[in-house]
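Step one of this worksheet: look at the structure below.
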Amino acid sequence: MGNASILVNKSDRVLHLQFNRPEKKNALTLEMYDTIAETLRASRDDNEVRVVLVSGAGGSFTSGNDLGDFMNHPPTDADSPVSRFLAELVTFPKPLVAAVQGVAIGVGTTMLLHFDLVYAGESAVFQLPFARLGLCPEAASSYIMPRIMGHVRAMELLLLGDKFNAAKAQECGFLNEVCDDSAVLNLVQGKARQIAELPPEAVRLTKALMKRDEQATIEKVIDVEGGYFMERLRSPEAIEAFTAFAERRKPDFSQFS
Ligand code: COA
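The numbering used here applies: residue 136 is where the sequence shown begins, and numbers increase by one.
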């Protein structure tokens, strides 16, 4: 399983999925989303997988969607790779645990809202730069974030889009623990092994019950946000933001009304 940019390793009933495009800070391409979606789909009914651990290679978690892909191959419908990735992630019936090192930007942060345990190294950097990229919240972040941290803190992160550290992510309620950068993967591997030894049906039931009330709403919000997001990707505001990133200059939104 896997390809060069997504490493997949299965051992002791733990599936370890690793983003592996370190030269681009593990920015996620269409092919990477496809591989992750397919790996999660295949793991649902695989008795040899009781928990999925996600991390990034080379000192980054992921810098989010590849901005070149956003410009050249924007998603157009619910069958696009990013949509299938999100659909698999939010309906995945077994625990998802994340080890975050380095940058976790855009979907690198929002995907964590759907994980069951999240740990990060002390130099992890989170960011939700959607508005400043001319985009809008995705992955149900507009629904989940105000509920776990309150409106003003969610708005600060989603509207201003500044980078924030692991201590703030923990205070905002989507990070279990901050530890030494060098210790985070070991720590999470230990948690995953611990989960893999628990009675599997009880584990799945615990997750299902904890998601039960919110599941349908979250899927609906992802659809609604996704519709706007796909429109925004083609907007002149977003094109200016992506072009500025490619040209390594500050975007100029002064001409827009
Ligand atoms: N899409 C495409 N390429 C990306 C990328 C992304 N999301 N994130 C990083 N890269 C590329 C850079 O263009 C650069 O490529 P190059 O070496 O060919 O020039 C390489 O990865 C290294 O990134 P660089 O910007 O030089 O590293 P840095 O340490 O100075 O900054 C980031 C790292 C992640 C803070 C910065 O690259 C960034 O802000 N990326 C965009 C994040 C983003 O907006 N994601 C989408 C959210 S919706």
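C-beta atoms are modelled at their ideal positions from N, C-alpha and C, and glycine is treated no differently.
From a predicted model like this one, the values you see are computed outputs, not experimental measurements.
Is the beta carbon of residue i within less than 8 Å of some heavy atom of the ligand COA?
{"i": "K160", "result": "yes"}
{"i": "V260", "result": "yes"}
{"i": "P386", "result": "no"}
{"i": "I240", "result": "yes"}
{"i": "L202", "result": "yes"}
{"i": "S370", "result": "no"}
{"i": "F299", "result": "no"}
{"i": "G308", "result": "no"}
{"i": "P264", "result": "yes"}
{"i": "S198", "result": "yes"}
{"i": "L270", "result": "yes"}
{"i": "F154", "result": "no"}
Give me, in chain order, the residues of the same chain whose beta-carbon lies closer than 6 Å to that of residue i; leave out the 5 immediate sequence neighbours on both sides.
{"i": "A192", "result": "Q153, N155 and P157"}
{"i": "L150", "result": "S178, V184 and V187"}
{"i": "I330", "result": "V186 and P230"}
{"i": "P264", "result": "G296"}
{"i": "I279", "result": "L248"}
{"i": "A275", "result": "I353, V356 and I357"}
Looking at residue j and residue i, is the spacing between their C-beta atoms short of 9 Å?
{"i": "Q236", "j": "G194", "result": "yes"}
{"i": "L248", "j": "N311", "result": "no"}
{"i": "G269", "j": "A139", "result": "no"}
{"i": "V323", "j": "A233", "result": "yes"}
{"i": "V321", "j": "E257", "result": "Residue identity check: residue 321 is Asn in the sequence provided, not Val. The answer is no: Cβ separation not under 9 Å."}
{"i": "G243", "j": "F309", "result": "no"}
{"i": "S277", "j": "L293", "result": "yes"}
{"i": "P386", "j": "F380", "result": "yes"}
{"i": "P210", "j": "G361", "result": "yes"}
{"i": "T164", "j": "D204", "result": "yes"}
{"i": "D201", "j": "K159", "result": "yes"}
Among residues of its own chain, excluding the 5 on either side of residue i, which ones have a beta-carbon nearer than 7 Å to its beta-carbon?
{"i": "I171", "result": "I141, L152 and F220"}
{"i": "P281", "result": "A289"}
Looking only at its own chain, which residues have a Cβ that is under 8 Å from the Cβ of residue i, when we skip the five neighbours before and after it?
{"i": "R367", "result": "G269, L270, C271 and A373"}
{"i": "R339", "result": "P228 and K229"}
{"i": "M345", "result": "none"}
{"i": "R384", "result": "none"}
For my contact list, residue i and residue j are in at a C-beta cut-off of 8 Å; report their separation, rounded to the angstrom.
{"i": "N161", "j": "S218", "result": "The Cβ separation is near 20 Å, so there is no contact."}
{"i": "A304", "j": "A266", "result": "Their Cβ separation, rounded to whole angstroms, is 19 Å, which puts A304 and A266 out of contact at 8 Å."}
{"i": "L393", "j": "M246", "result": "One cannot answer for residue 393 here, as it falls past the ends of the chain, which runs 136 to 392."}
{"i": "E273", "j": "F364", "result": "5 Å"}
Looking at residue i and the ligand FAD, is the gap between the Cβ and the nearest heavy atom below 8 Å?
{"i": "P209", "result": "Annotation note on the ligand FAD: not contained in the displayed structure, which lists the ligand COA as its ligands."}
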